[in-house]
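Colleague: Chains as they are written, first to last, in this note's numbering: chain A, 597 to 779; chain B, 597 to 779.
Positions of the beta carbon are idealized from the N, C-alpha and C atoms, including for glycine.
Below is one structure. I have some questions about it.
Protein chains: 2
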Amino acid sequence: VDRCFEFTGSNAGPWRVLDVRSIIGDAIASAPALAIAPAGLSSPRAPGAWSLRGVISNIRYAAAVERDTLTARQAGLGRSEALCAALIPIRKNPAWWALAQDERRAIMEEQSHHITIGLDYLPAVARKLYHCRDIGEPFDFLTWFEFAPEHAGHFDDLLVRLRASHEWSYVDREVEMRLERAG
Amino acid sequence: VDRCFEFTGSNAGPWRVLDVRSIIGDAIASAPALAIAPAGLSSPRAPGAWSLRGVISNIRYAAAVERDTLTARQAGLGRSEALCAALIPIRKNPAWWALAQDERRAIMEEQSHHITIGLDYLPAVARKLYHCRDIGEPFDFLTWFEFAPEHAGHFDDLLVRLRASHEWSYVDREVEMRLERAG
């Protein structure tokens with residue numbers, strides 16, 4: 597799939613890893629740098645301390661009006677001022693995946709306001725979601741965030757709000773990696 | 597993923613291929629028999645004239661009440677009387693995949709009654725859906741059906757009704773393969 601990307605932690609890459617911590621469950625190995633590159637699902641992994649793959653897929657929950665608001669407000673990746681980044685791999689538990697579509701949507705948005713909370717941080721925090729549950733990866737999602745250093749506190753707020761939500765009670769593994777663009 | 601399966605057309609397998617036809621777009625190669633086996637996403641393909649992989653995933657559209665009705669009414673695969681089968685790989689066009697979740701749900705069920713139509717054929721027609729859009733396969737879905745010979749006309753009705761729906765205007769490739777259990 598040309599929508600599949602590989603995140604690799606090794607000694608070299610355009611992002612310097614500042615911190616890796618487990619929020620829930622096992623952490624992942626530490627490495628000084630991170631690179632992101634297109635990958636084939638059956639191609640060999642790039643060498644490194646760890647690698648995670650994810651696929652950019654279709655919208656799973658957002659309604660048209662939400663998608664349009666997000667599209668109008670969000671910024672793209674790669675802004676020159678966005679020197680800070682975060683990679684947050686998460687896995688949700690089997691109870692979440694056994695829910696029907698309307699049940700997951702109700703928990704995610706009507707109860708937890710996931711989309712609405714995210715809107716509060718646009719365009720400062722740019723975001724890209726990769727799906728990996730169906731490709732045999734250890735996590736279900738990888739979310740990549742980019743923001744300017746002056747919005748780092750703002751980004752911390754976003755994480756606090758999401759992690760306090762009902763939706764997060766279904767998360768059974770979460771790792772937080774903080775990065776900065778390598779000189 | 598232990599939810600990934602490979603359908604292989606070759607000279608040997610528990611299902612005899614009776615007919616392969618293109619409904620929309622290119623057909624696939626013909627082979628006298630079909631086998632279905634668990635597969636690793638990065639493992640080599642089984643030898644044969646063709647192979648298609650798909651992943652059993654979470655519910656994408658059905659609401660809880662619909663899921664519960666389906667679960668209560670549907671039969672499992674492998675019934676001794678289910679000597680007939682069909683494999684229907686389909687691909688939907690980019691316009692479909694660009695729609696938001698509520699738009700796809702409205703077309704699929706409120707306008708096209710996909711779930712409701714399927715219920716009319718339970719438990720006679722057993723069904724299993726495999727997802728393959730995000731794993732780089734030529735189709736988006738593989739649907740596998742099993743039924744007794746006396747329900748073959750009933751199954752034909754199901755296909756006619758689904759193909760007449762608004763949802764099907766988004767299908768840009770569809771192949772129909774009919775099979776019977778090998779002696």
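1) Which of the residues in the stretch 663-677 of chain B, read from start to end, lie with their CB under 7 Å from any CB of chain A?
2) Once you ignore the five residues that flank G672(B) on each side, which residues in its own chain have a CB closer than 8 Å to its CB?
3) Compare the C-alpha of P745(A) against each of A720(A), W764(A), Y726(A), T739(A) and name the closest.
4) By the three-class DSSP mapping on this structure, what secondary structure does H762(A) have?
5) Name the chain B residues whose beta carbon is nearer than 8 Å to that of L637(A)?
6) Quick one, are the C-beta atoms of L775(A) and L630(A) less than 8 Å apart?
7) What separation, rounded to the nearest whole angstrom, lies between the Cα atoms of K688(B) and A608(B)?
8) DSSP state of H709(A), grouped into three classes?
9) Answer with buried or exposed for D730(B), where buried requires no fewer than 16 other C-beta atoms within 10 angstroms of its C-beta.
10) Note down the Cα distance separating D598(A) from G636(A), rounded to an integer number of angstroms.
11) Residues bridged to E733(B) by DSSP?
12) My understanding is that A658(B) touches L666(B), with C-beta atoms under 8 Å, so please give their C-beta distance in whole angstroms.
13) With a threshold of 8 Å between beta carbons, is R687(B) in contact with chain A?
14) Going by DSSP in three states, D768(A) sits in which element: helix, strand or coil?
15) Kindly indicate which three-state DSSP category G605(A) falls into: helix, strand or coil?
16) Short check: CB of E772(A) to CB of I624(A), under 8 Å?
17) Sorry if obvious, but does the Cβ on V756(B) come closer than 7 Å to a heavy atom of the ligand FAD?
18) Run through chain B and tell me which residues come within less than 7 Å of D698(A), C-beta to C-beta.
19) Cα-Cα, which of D622(A), C600(A), R701(A) is closest to R769(A)?
20) Figure out for me which residue from Y717(B), E742(B), P734(B), W611(B) has the closest Cα to the Cα of V756(B).
21) Which residues in the same chain have their Cβ closer than 6 Å to the Cβ of F603(A), if we skip the five residues on either side of it in sequence?
22) Can P634(A) and C600(A) be called in contact, C-beta distance under 8 Å?
23) In chain B, which residues lie with their C-beta within 8 Å of the C-beta of R777(A)?
24) Let me check one thing: in DSSP terms, what residues is R617(B) bridge-paired to?
25) Short of 7 Å in beta carbon distance, which residues of its chain neighbour E662(B), apart from the five on each side in sequence? Order them along the chain.
26) Tell me which same chain residues have a C-beta within less than 8 Å of the C-beta of A691(A), skipping the five on either side of it?
27) Using a Cβ-Cβ cut-off of less than 7 Å, give me the residues of the stretch 638-656 of chain A that come near chain B, in sequence order.
28) Output the distance between the C-alpha atoms of L754(A) and G714(A), rounded to the nearest integer angstrom.
29) Please classify E677(B): does DSSP put it in a helix, a strand, or coil?
30) Which residues in chain B have a C-beta closer than 8 Å to the C-beta of H727(A)? List them in chain order.
31) Determine the burial state of Q707(B): buried for a count of at least 16 other Cβ atoms within 10 Å of its Cβ, exposed for fewer.
32) Please report the distance separating the alpha-carbon of S653(B) from that of N654(A).
33) Please classify P685(A) as buried or exposed, where buried requires at least 16 neighbouring CB atoms within 10 angstroms.
34) For C680(A), which of G605(A), S638(A), W764(A), F741(A) has the nearest alpha-carbon?
35) Measure how close the beta-carbons of V651(B) and C728(B) come, nearest whole angstrom, since I'm counting them as under 8 Å.
36) Which word fits G749(A), buried or exposed, when buried means at least 16 other C-beta atoms lie within 10 angstroms of its C-beta?
Modeller: On the basis of the coordinates in this document:
1) Cβ contacts with chain A: R663.
2) Residue numbering aside, residue 672(B) sits at position 76 when the second sequence is read from its first letter. Hits under 8 Å: A722.
3) Your numbering for residue 745(A) matches position 149 in the first sequence. The residue among A720(A), W764(A), Y726(A), T739(A) with its C-alpha nearest the C-alpha of P745(A) is A720(A).
4) If you number the first sequence from 1, residue 762(A) lands on position 166. The three-state reading of DSSP puts H762(A) in coil, since its state is none of H, G, I, E or B.
5) Taking the first residue of the first sequence as 1, we reach residue 637(A) at position 41. Near L637(A) (Cβ distances below 8 Å), the residues of chain B are L637, S638, I731, G732.
6) Here residue 775(A) refers to the residue found at position 179 when the first sequence is read from its first residue. Here residue 630(A) refers to the residue found at position 34 when the first sequence is read from its first residue. With a cutoff of 8 Å on beta-carbon distance, L775(A) and L630(A) are scored as near each other.
7) Residue 688(B) sits at position 92 when you count from the first residue of the second sequence. Residue 608(B) sits at position 12 when you count from the first residue of the second sequence. Approximately 31 Å between the Cα atoms of the pair.
8) Against the first sequence, residue 709(A) aligns to sequence position 113. Coil.
9) In the second sequence, the residue the question calls residue 730(B) occupies position 134. Burial call: buried.
10) Position 2 of the first sequence, counted from the first residue, corresponds to residue 598(A). Position 40 of the first sequence, counted from the first residue, corresponds to residue 636(A). Take the alpha-carbon of D598(A) and the one of G636(A): they are about 7 Å apart.
11) Indexing the second sequence from 1 puts residue 733(B) at position 137. E733(B) pairs with nothing; no bridge assigned.
12) Translated into positions along the second sequence, residue 658(B) becomes position 62. Translated into positions along the second sequence, residue 666(B) becomes position 70. With a Cβ gap of about 7 Å, A658(B) and L666(B) count as contacting.
13) Within the second sequence, the letter at position 91 stands for residue 687(B). With a threshold of 8 Å between beta carbons, R687(B) makes no contact with chain A.
14) Within the first sequence, numbered from 1, the residue matching residue 768(A) stands at position 172. Reduced to three states, the DSSP call for D768(A) is strand.
15) Reading the first sequence from its first residue, position 9 is the one you call residue 605(A). Per DSSP, reduced to three states, the secondary structure at G605(A) is strand.
16) By one-based count along the first sequence, residue 772(A) stands at place 176. By one-based count along the first sequence, residue 624(A) stands at place 28. In this structure, I624(A) does not lie closer than 8 Å to E772(A) by Cβ.
17) No copy of the ligand FAD occurs in the structure displayed, which carries no ligand at all.
18) As a first step, residue 698(A) must be located in the first sequence, where it is residue number 102. Near D698(A) (Cβ distances below 7 Å), the residues of chain B are A659, A660.
19) For the purposes of this step, residue 769(A) is taken as the residue at position 173 of the first sequence. Here the closest residue by C-alpha is D622(A).
20) Within the second sequence, residue 756(B) is the residue found at index 160, counting from 1. Comparing Cα-Cα distances from V756(B) to each of Y717(B), E742(B), P734(B), W611(B), the minimum goes to Y717(B).
21) Locating residue 603(A) in the first sequence gives position 7, counting from the first residue. The beta carbon of F603(A) sits closer than 6 Å to the beta carbons of I632, L648 from its chain, once the five residues preceding and following it are set aside; these are given in chain order.
22) Stepping through the first sequence from its first residue, residue 634(A) is reached at position 38. Stepping through the first sequence from its first residue, residue 600(A) is reached at position 4. Contact flag set, yes.
23) As a working mapping, residue 777(A) is identified with position 181 in the first sequence. By Cβ distance, chain B contributes nothing, its closest Cβ being about 29 Å from R777(A), past 8 Å.
24) Taking the second sequence and counting its residues from 1, the one referred to as residue 617(B) is at position 21. For R617(B), DSSP records a beta bridge to E772(B).
25) Residue numbering aside, residue 662(B) sits at position 66 when the second sequence is read from its first letter. Excluding the 5 residues flanking it on each side, E662(B) has same chain C-beta neighbours closer than 7 Å at I711, in chain order.
26) Taking the first residue of the first sequence as position 1, residue 691(A) is located at position 95. Setting aside the 5 residues that flank it on each side, A691(A) is surrounded in the same chain by Y766, each with a C-beta closer than 8 Å to its C-beta; the list follows chain order.
27) Along the stretch 638-656 of chain A, the positions whose C-beta sits under 7 Å from a C-beta of chain B are S638, V651, S653, N654, I655, R656, read in chain order.
28) Taking the first sequence and counting its residues from 1, one reaches residue 754(A) at position 158. Taking the first sequence and counting its residues from 1, one reaches residue 714(A) at position 118. Spanning the alpha carbons of L754(A) and G714(A) requires a straight line of approximately 7 Å.
29) Start at 1 with the first residue of the second sequence, and residue 677(B) comes out as number 81. DSSP places E677(B) outside both helix and strand once states are collapsed to three, so it counts as coil.
30) In the first sequence, the residue the question calls residue 727(A) occupies position 131. By Cβ distance, chain B contributes D730.
31) The residue given as residue 707(B) occupies position 111 in the second sequence. Q707(B) comes out exposed.
32) What you label residue 653(B) is simply residue 57 of the second sequence in a count that begins at 1. What you label residue 654(A) is simply residue 58 of the first sequence in a count that begins at 1. Rounded to the nearest angstrom, the two C-alpha atoms are 15 Å apart.
33) Here residue 685(A) refers to the residue found at position 89 of the first sequence. When all chains shown are included, P685(A) counts as buried.
34) Counting from 1 along the first sequence, the entry for residue 680(A) is found at position 84. Nearest C-alpha to C680(A): F741(A).
35) Along the second sequence, one-based indexing puts residue 651(B) at 55. Along the second sequence, one-based indexing puts residue 728(B) at 132. Right, their Cβ atoms sit about 7 Å apart.
36) Here residue 749(A) refers to the residue found at position 153 of the first sequence. Classification for G749(A): exposed.
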